[in-house]
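These protein sequences, in sequence, are chains D and P. In this text, residue positions in the first sequence follow the numbering used here: the first is 1, and each later residue adds one. In this text, residue positions in the second sequence follow the numbering used here: the first is 1001, and each later residue adds one. We put the beta carbon where it would ideally sit given N, CA and C, even for glycine.
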Amino acid sequence: EAQVTQNPRYLITVTGKKLTVTCSQNMNHEYMSWYRQDPGLGLRQIYYSMNVEVTDKGDVPEGYKVSRKEKRNFPLILESPSPNQTSLYFCATGTLGELFFGEGSRLTVL
Amino acid sequence: AQKVTQAQTEISVVEKEDVTLDCVYETRDTTYYLFWYKQPPSGELVFLIRRNSFDEQNEISGRYSWNFQKSTSSFNFTITASQVVDSAVYFCALSDIFGNEKLTFGTGTRLTIIP
């Protein structure tokens, strides 16, 4: 079964405490991406990766890092989280815009 | 820069009514792709359709239909004979010539179907 798996699904943390949201896909797609969803703002792209070791900034990359060492994994790193990074995060993979999304990770930064 | 506008923030209709969700886009590309995604109350995002800018034919899939008009930069989505299961947030999105998955999403339209 095609899957995009994100962990954790829910997280409450405090300002400045580094965290990583993992994303793994079993569809062998080259493309992976991270989005954040905020009320009234829709989905905004944070980072994307066209292939292993190839990453690029999306529309809202500030405060985030990513790495793509393996095809299946694309972790999102918040080195020093701040309250404005409280959001619902989605990882996605796919081809030609037909994206498969993970179930989302709801992050709260206090 | 690319932009997608979904002016309807929320729509409510009574079950079995038809409803149209509007999507207007801006792009400087002559070739591009347009998409619709559905986000039901459970939260996952589901791909519905992809159209490229060369294909202006309307598309119908069951109760769903899409009207692409390049002249007005619109890609509207109509649900015929709506059902409660259609209640969701619907996102329109745009990508560039390569369809390289750098999608620009609209802000979404929350559709509520009243039984």
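| Check | Outcome |
| --- | --- |
| Contact defined as beta carbons within less than 8 Å: I believe Ser24 (chain D) pairs with Arg72 (chain D). What is the distance between those atoms, to the nearest angstrom? | 5 Å |
| Once you ignore the five residues that flank Ser1053 (chain P) on each side, which residues in its own chain have a CB closer than 6 Å to its CB? | Thr1031, Tyr1032 |
| Rounded to whole angstroms, what is the Cα-Cα separation between Arg36 (chain D) and Ile1011 (chain P)? | 23 Å |
| From the beta carbon of Thr76 (chain D), is the nearest beta carbon of chain P less than 8 Å away? | Reading the sequence as shown, one finds Leu at residue 76 (chain D) and not Thr. So, not an interface residue. |
| Excluding the 5 residues flanking Thr1072 (chain P) on each side, which residues of the same chain have their C-beta closer than 8 Å to its C-beta? | Val1024 |
| Which of the three DSSP states, helix, strand or coil, is assigned to Asn84 (chain D)? | helix |
| Report yes or no: do three or more beta-carbon pairs, one from the region 95-110 of chain D and one from the region 1046-1060 of chain P, lie closer than 8 Å? | yes |
| Nearest to Val1004 (chain P) by alpha carbon, out of P:Asn1076, P:Ile1114, P:Ala1093? | P:Ala1093 |
| Quick one: which chain P residues come within Cβ less than 7 Å of Leu43 (chain D)? | Phe1091, Phe1105 |
| Please look up how many angstroms separate the CB atoms of Thr15 (chain D) and Leu110 (chain D), rounded, as I've assumed it's under 8 Å. | 7 Å |
| Between the region 1023-1053 of chain P and chain D, which residues of the former have a C-beta closer than 7 Å to a C-beta of the latter? | Tyr1033, Phe1035, Gly1043, Glu1044, Leu1045, Phe1047, Arg1050 |
| In terms of residues, what are the limits of the beta strand (DSSP E) holding Asp38 (chain D)? | 31-38 |
| Might you give, ordered along the chain, the residues of its own chain that have their beta carbon closer than 7 Å to the beta carbon of Glu103 (chain D), omitting 5 neighbours on each side? | Gln6, Arg9 |
| Using the Cα positions of Tyr47 (chain D) and Ile1079 (chain P), report the straight-line distance between them to the nearest angstrom. | 33 Å |
| Here's the rule I'm using: 16 or more other beta-carbon atoms within 10 Å means buried, otherwise exposed. How should Asp1086 (chain P) be labelled? | buried |
| Using a Cβ-Cβ distance under 8 Å, would Tyr48 (chain D) count as near chain P? | yes |
| Just tell me which of D:Lys69, D:Val52, D:Leu43 has its CA closest to the CA of Tyr89 (chain D). | D:Leu43 |
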